[in-house]
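Protein chains in written order, with full-length UniProt numbering: chain A, 1 to 366; chain B, 1 to 366. We put the beta carbon where it would ideally sit given N, CA and C, even for glycine. Contents: one structure, followed by commentary.
There are 2 protein chains.
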Amino acid sequence: MRPRVASATVTTTVPMLDLTADPVELTAALVDVPSVSGAEATLSDALERALREQAPHLEVIRSGAAVLARTRLGRDQRVLLAGHIDTVPIADNLPSHREGDLLYGCGTSDMKAGDAVFAHLAATLTEPRHDLTLVFYDCEEIEADRNGLGRIERELPEWLRADLAILGEPTGGTVEAGCQGTLRVEIRTHGRRAHSARSWLGDNAVHHAAEVLARLGAYSPRDVDIDGCVYREGLQAVRIAGGVAGNVVPDECVVTVNFRFAPDRSADAALAHVRDVFAGYDLTVTDLSPGALPGLTAPSAQQFLAATGTTAHAKYGWTDVSRFAALGIPAINYGPGDPNLAHTREEHVDTRVINRSTDVLRRFLG
Amino acid sequence: MRPRVASATVTTTVPMLDLTADPVELTAALVDVPSVSGAEATLSDALERALREQAPHLEVIRSGAAVLARTRLGRDQRVLLAGHIDTVPIADNLPSHREGDLLYGCGTSDMKAGDAVFAHLAATLTEPRHDLTLVFYDCEEIEADRNGLGRIERELPEWLRADLAILGEPTGGTVEAGCQGTLRVEIRTHGRRAHSARSWLGDNAVHHAAEVLARLGAYSPRDVDIDGCVYREGLQAVRIAGGVAGNVVPDECVVTVNFRFAPDRSADAALAHVRDVFAGYDLTVTDLSPGALPGLTAPSAQQFLAATGTTAHAKYGWTDVSRFAALGIPAINYGPGDPNLAHTREEHVDTRVINRSTDVLRRFLG
Numbered sequence: 001m002r003p004r005v006a007s008a009t010v011t012t013t014v015p016m017l018d019l020t021a022d023p024v025e026l027t028a029a030l031v032d033v034p035s036v037s038g039a040e041a042t043l044s045d046a047l048e049r050a051l052r053e054q055a056p057h058l059e060v061i062r063s064g065a066a067v068l069a070r071t072r073l074g075r076d077q078r079v080l081l082a083g084h085i086d087t088v089p090i091a092d093n094l095p096s097h098r099e100g101d102l103l104y105g106c107g108t109s110d111m112k113a114g115d116a117v118f119a120h121l122a123a124t125l126t127e128p129r130h131d132l133t134l135v136f137y138d139c140e141e142i143e144a145d146r147n148g149l150g151r152i153e154r155e156l157p158e159w160l161r162a163d164l165a166i167l168g169e170p171t172g173g174t175v176e177a178g179c180q181g182t183l184r185v186e187i188r189t190h191g192r193r194a195h196s197a198r199s200w201l202g203d204n205a206v207h208h209a210a211e212v213l214a215r216l217g218a219y220s221p222r223d224v225d226i227d228g229c230v231y232r233e234g235l236q237a238v239r240i241a242g243g244v245a246g247n248v249v250p251d252e253c254v255v256t257v258n259f260r261f262a263p264d265r266s267a268d269a270a271l272a273h274v275r276d277v278f279a280g281y282d283l284t285v286t287d288l289s290p291g292a293l294p295g296l297t298a299p300s301a302q303q304f305l306a307a308t309g310t311t312a313h314a315k316y317g318w319t320d321v322s323r324f325a326a327l328g329i330p331a332i333n334y335g336p337g338d339p340n341l342a343h344t345r346e347e348h349v350d351t352r353v354i355n356r357s358t359d360v361l362r363r364f365l366g
Numbered sequence: 001m002r003p004r005v006a007s008a009t010v011t012t013t014v015p016m017l018d019l020t021a022d023p024v025e026l027t028a029a030l031v032d033v034p035s036v037s038g039a040e041a042t043l044s045d046a047l048e049r050a051l052r053e054q055a056p057h058l059e060v061i062r063s064g065a066a067v068l069a070r071t072r073l074g075r076d077q078r079v080l081l082a083g084h085i086d087t088v089p090i091a092d093n094l095p096s097h098r099e100g101d102l103l104y105g106c107g108t109s110d111m112k113a114g115d116a117v118f119a120h121l122a123a124t125l126t127e128p129r130h131d132l133t134l135v136f137y138d139c140e141e142i143e144a145d146r147n148g149l150g151r152i153e154r155e156l157p158e159w160l161r162a163d164l165a166i167l168g169e170p171t172g173g174t175v176e177a178g179c180q181g182t183l184r185v186e187i188r189t190h191g192r193r194a195h196s197a198r199s200w201l202g203d204n205a206v207h208h209a210a211e212v213l214a215r216l217g218a219y220s221p222r223d224v225d226i227d228g229c230v231y232r233e234g235l236q237a238v239r240i241a242g243g244v245a246g247n248v249v250p251d252e253c254v255v256t257v258n259f260r261f262a263p264d265r266s267a268d269a270a271l272a273h274v275r276d277v278f279a280g281y282d283l284t285v286t287d288l289s290p291g292a293l294p295g296l297t298a299p300s301a302q303q304f305l306a307a308t309g310t311t312a313h314a315k316y317g318w319t320d321v322s323r324f325a326a327l328g329i330p331a332i333n334y335g336p337g338d339p340n341l342a343h344t345r346e347e348h349v350d351t352r353v354i355n356r357s358t359d360v361l362r363r364f365l366g
């Protein structure tokens, strides 16, 4: 006879989120639901339930651990507000805590403060000036092929249609437009191994790297002005490695070069340029992501800039705005977090910037 | 009540070695007693017992795992025959086996064939022309500060007095005189770390290494003739390393340079030269061993060369002959092993070279 198994009800606790609360409080609530990349489901469930219960004017759907919502008011323009809900691994910096105007904790700056502002406005602006789409997505902090926004682009492309995309990545409350592209290549020099006591029998691959480094040192990067944003390029060795043993002439040396390029170059053009710079060398591409044009001449972008009362600057780091730019959508980075604190143990956000960003976006959307 | 413990006699088996046997057979017997550095005691015991029992004309002592023996015949000249008895770790290449004229196994070339020739001659030449000193020492293949010859130099200096030292390191049966010195330095370039997307805020230490590599590439090494032996110098990068992450401008790069220098330079002079070559750079010495002058003008060395019927060549690798040279003793590398097979899995020795070396040394010493 089989033993009797008591029937049990598994209760999954979905934290309650109050989207109508002060966005600073909402930021803290989001931060206090851990959501390291790949383990966002509890936070996704909480966001989905809160949107369904507290924002009945929105159409809400799920895509894996991503939560999407939108109005269908027939407005002339549609603004998409996007934020990733995952974080880097927790560094003993949860739960969140306040110190004066600062809110500390993993994900405060990168980028749950941005998520909180977007969720609060979407829930409370029941009659926005523009149609709104909310995209809260997963797995931004890890390998590009797991990125939730990429999955949405493949599976739900109609959900990404918009006239302007605002990505809540940390910018310190300033407007950073477009983004630079990034290319990583390995340049290999070759030689012939030999005992260093008989070095004339060998051919030193590390010595051959002198010319590669000299070309890097002599390189003059461009400054490119697009829509009033200046993109400063850079071509840098980020790694060099060669050597077999302390008594061996090395037969290989690898210089890893990172090219950050202005968005007036396509990915292909950037690669062609780097191939030109290192003509004659063995070159392997290990990473290539296109940049994003700022698209500030679009009417929706102009209206947003007017609401902020400031001008836009170029975004230097690569962000998911490039996915929107590739779809032809003007895309802007605008979030209350501090980019210099992202991924740090002491990560925090200035609550005054959260409130200011909320006011700016409400003026633009309300 | 405590349990009864059966009394047991621990029998350590000391292998029997026949020093009067054919030196090829003796080589195989030595190889078949494993003696990886630090674990030479069984072989030391066997050598000590064999010398005491089969060579009563020799004074025999122990120094740790080293075994020393000498005649005291009052001859005009004393010849010292030195060989390390340790090997690198066994690479599934024991016990020894014969394939035609070749004897395979760990330590065959480096350098139990040399040890066998020396032990056989010392045991069978009861009335040598020159007084003889045998030094079989431990721990040559590992850190210099554990080298048995260094310990003997400190604790038993009178045992190293001689007019000529012959070291049985593998030379393929040719005479290799003196040895080159070796100097290893780390050259550091410095910079300032920054995100590679904002590279103008940083200063790339890897780019600064271009000049270090350029100086290496432009360096013209000397060929130095001493006593008819040509020492070819070499200045080589043996390692280069720099890099923090794929998106960071590196703030440090380290080039490890190995200078192999002719023995007309002292260690200090070699270092001063390398400091000159890399003037202006941060330089750290990690290894410095002086070379050894060939000393071929000494009468004992001339007699040995006459017995071989050949001329001497420069030794390029560093060996323990430099310890004898530092004591003012002409020192020669002469062993039947093949230097190119040392430390290899397929290590072997040509038995014909063992026999030829035995004949040459018997002619010189007999």
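Min CB distance M1 (chain B) to chain A below 7 Å:
Within the second sequence, numbered from 1, the residue matching residue 1 (chain B) stands at position 1. Legend: pLDDT at M1 (chain B) = 41, less than 50; position of this residue unreliable, no value from coordinates given.
With burial defined as no fewer than 16 other Cβ atoms inside 10 Å of the residue's Cβ, what is the status of M16 (chain B): buried or exposed?
Start at 1 with the first residue of the second sequence, and residue 16 (chain B) comes out as number 16. M16 (chain B) should be labelled exposed.
T358 (chain B) vs D101 (chain B) beta-carbon contact at 7 Å
Here the question's residue 358 (chain B) lines up with position 358 in the second sequence. Here the question's residue 101 (chain B) lines up with position 101 in the second sequence. Result no, Cβ atoms of T358 (chain B) and D101 (chain B) do not sit closer than 7 Å.
How big is the Cα-Cα spacing for G173 (chain A) and L121 (chain A)?
Your numbering for residue 173 (chain A) matches position 173 in the first sequence. Your numbering for residue 121 (chain A) matches position 121 in the first sequence. Spanning the two alpha carbons is a distance of roughly 16 Å.
At the level of alpha carbons, what is the spacing between E48 (chain A) and E252 (chain B)?
The residue given as residue 48 (chain A) occupies position 48 in the first sequence. The residue given as residue 252 (chain B) occupies position 252 in the second sequence. One C-alpha to the other measures close to 48 Å.
For the alpha helix (DSSP H) containing I152 (chain A), list its first residue and its last residue.
What you label residue 152 (chain A) is simply residue 152 of the first sequence in a count that begins at 1. G148 to E155 is the span of the alpha helix (DSSP H), which, as asked, contains I152 (chain A).
Per DSSP, T182 (chain B) forms a beta bridge with which residues?
Position 182 of the second sequence holds residue 182 (chain B). In the DSSP output, where bridge partners are listed per residue, T182 (chain B) has B:R260 and B:S289.
Per-residue burial, I61 (chain B) [other beta carbons within 10 Å of its own, 16 or more giving buried]
In the second sequence, residue 61 (chain B) corresponds to position 61, counting from 1. I61 (chain B) comes out exposed.
Among A:G291, A:S300 and A:I142, which has the Cα closest to the Cα of D268 (chain A)?
Locating residue 268 (chain A) in the first sequence gives position 268, where the first residue counts as 1. Ranking A:G291, A:S300 and A:I142 by Cα distance to D268 (chain A) puts A:G291 first.
With DSSP collapsed to three states, give me the class of T126 (chain A).
As a first step, residue 126 (chain A) must be located in the first sequence, where it is residue number 126. Of the three classes helix, strand and coil, the one that applies to T126 (chain A) here is coil, per DSSP.
Using only the alpha-carbon positions, how far apart do E233 (chain A) and L201 (chain B) sit?
If you number the first sequence from 1, residue 233 (chain A) lands on position 233. If you number the second sequence from 1, residue 201 (chain B) lands on position 201. Cα to Cα, E233 (chain A) sits roughly 12 Å from L201 (chain B).
Across which residues does DSSP place Y281 (chain B) in a beta bridge pair?
Sequence index remark: in the second sequence, residue 281 (chain B) carries index 281 (1-based). Note: Y281 (chain B) sits in no beta bridge, so no partner.
Give the straight-line distance between the Cα atoms of A272 (chain A) and H190 (chain A), rounded to the nearest whole angstrom.
Here residue 272 (chain A) refers to the residue found at position 272 when the first sequence is read from its first residue. Here residue 190 (chain A) refers to the residue found at position 190 when the first sequence is read from its first residue. The straight-line gap from Cα to Cα measures roughly 22 Å.
What would DSSP say about D338 (chain A), mapped onto helix, strand or coil?
Along the first sequence, read from residue 1 onward, the residue named residue 338 (chain A) stands at position 338. Residue state, collapsed to three classes: coil.
Any C-beta of chain A sitting closer than 7 Å to the C-beta of Q236 (chain B)?
Translated into positions along the second sequence, residue 236 (chain B) becomes position 236. So yes, Q236 (chain B) belongs to the interface.
Okay, do the region 123-143 of chain B and the region 26-40 of chain B touch, 3+ Cβ pairs below 8 Å being the bar?
yes
Tell me which same chain residues have a C-beta within less than 6 Å of the C-beta of G114 (chain B), skipping the five on either side of it?
The count along the second sequence starts at 1 and reaches residue 114 (chain B) at position 114. Here the set comprises G83, G168 and G335.
Taking S199 (chain A) as the reference, which of B:S266, B:L235, B:R362 and B:R192 has the closest Cα?
In the first sequence, residue 199 (chain A) corresponds to position 199, counting from 1. Nearest of B:S266, B:L235, B:R362 and B:R192 to S199 (chain A), Cα basis: B:L235.
Between the CA atoms of R323 (chain A) and S7 (chain A) - distance to the nearest angstrom:
For the purposes of this step, residue 7 (chain A) is taken as the residue at position 7 of the first sequence. For the purposes of this step, residue 323 (chain A) is taken as the residue at position 323 of the first sequence. Confidence is the limiting factor: at S7 (chain A) the pLDDT is only 44, short of 50, which leaves the residue's position unreliable, though a coordinate-based value still follows. The alpha-carbon atoms of S7 (chain A) and R323 (chain A) are separated by roughly 48 Å.
At least one CB of chain A closer than 7 Å to the CB of L216 (chain B): is that the case?
For the purposes of this step, residue 216 (chain B) is taken as residue 216 along the second sequence, with counting starting at 1. Cβ-Cβ to chain A under 7 Å: yes for L216 (chain B).
Where does G317 (chain A) land, buried or exposed, given buried means 16+ other C-beta within 10 angstroms?
On the first sequence, position 317 is the one that residue 317 (chain A) refers to. Buried: at least 16 other Cβ atoms inside 10 Å.
State the CB to CB distance for the pair P23 (chain B) and A123 (chain B), rounded to an integer number of angstroms; the pair is presumed to be in contact (CB under 8 Å).
The count along the second sequence starts at 1 and reaches residue 23 (chain B) at position 23. The count along the second sequence starts at 1 and reaches residue 123 (chain B) at position 123. Actually they do not touch by this definition, with Cβ atoms about 11 Å apart.
Residue burial classification, E141 (chain B) (beta-carbon count within 10 angstroms, cutoff 16):
Within the second sequence, numbered from 1, the residue matching residue 141 (chain B) stands at position 141. So E141 (chain B) ends up on the buried side.
Based on DSSP bridge pairs, tell me the residues matched to E59 (chain B).
Looking up residue 59 (chain B) in the second sequence gives position 59. Paired residues: B:R70.
Scan the region 309-333 of chain B for residues whose Cβ lies nearer than 8 Å to a Cβ of chain A and list them as they occur along the chain.
Y316, G317 and W318
Looking only at C-alpha atoms, which of A:G217, A:I226, A:L19 and A:A301 sits nearest to D203 (chain B)?
As a first step, residue 203 (chain B) is located in the second sequence; it is residue number 203 there, counting from the start. Ranking the options by Cα distance to D203 (chain B), first place goes to A:G217.
Of all Cβ atoms in chain B, is any one closer than 7 Å to the Cβ of N147 (chain A)?
Position 147 of the first sequence, counted from the first residue, corresponds to residue 147 (chain A). No, N147 (chain A) does not count as interfacial toward chain B.
Any beta carbon of chain D sitting closer than 7 Å to that of L213 (chain A)?
You won't find chain D in this structure, because its protein chains are A and B.
Report back the beta-carbon spacing between L19 (chain B) and A66 (chain B) to the nearest angstrom; my notes put them in contact at under 8 Å.
As a position in the second sequence, residue 19 (chain B) is number 19, starting the count at 1. As a position in the second sequence, residue 66 (chain B) is number 66, starting the count at 1. At roughly 17 Å, the Cβ-Cβ gap does not stay under 8 Å, so L19 (chain B) and A66 (chain B) are not in contact.
Does the Cβ-Cβ distance between G107 (chain B) and V31 (chain B) come in under 7 Å?
Working through the second sequence from its first residue, we reach residue 107 (chain B) at position 107. Working through the second sequence from its first residue, we reach residue 31 (chain B) at position 31. Yes, the pair counts as a contact, with Cβ atoms nearer than the cut-off.
Consult DSSP for G114 (chain B) and reduce its assignment to one of helix, strand or coil.
Translated into positions along the second sequence, residue 114 (chain B) becomes position 114. Three-state result, G114 (chain B): helix.
For G105 (chain A), which residues from the same chain have a beta carbon less than 6 Å from its beta carbon, with the 5 sequence-adjacent residues on both sides left out?
By one-based count along the first sequence, residue 105 (chain A) stands at place 105. So the list reads V31, N93, L94 and S96, once near-sequence residues are dropped.
Among B:A270, B:A241 and B:L296, nearest to L213 (chain B) - alpha-carbon criterion
As a position in the second sequence, residue 213 (chain B) is number 213, starting the count at 1. Cα-wise, what sits closest to L213 (chain B) is B:A241.
Touch check for the region 291-310 of chain A and the region 275-282 of chain A: three-plus C-beta pairs under 8 Å?
no
Can you have a look at D320 (chain A) and say buried or exposed, based on whether 16 or more other CB atoms are within 10 angstroms of its CB?
Locating residue 320 (chain A) in the first sequence gives position 320, where the first residue counts as 1. Per the 10 Å Cβ criterion, buried.
Bridge-paired residues (DSSP) for R192 (chain B)
Sequence index remark: in the second sequence, residue 192 (chain B) carries index 192 (1-based). BP columns for R192 (chain B) point to B:D203.
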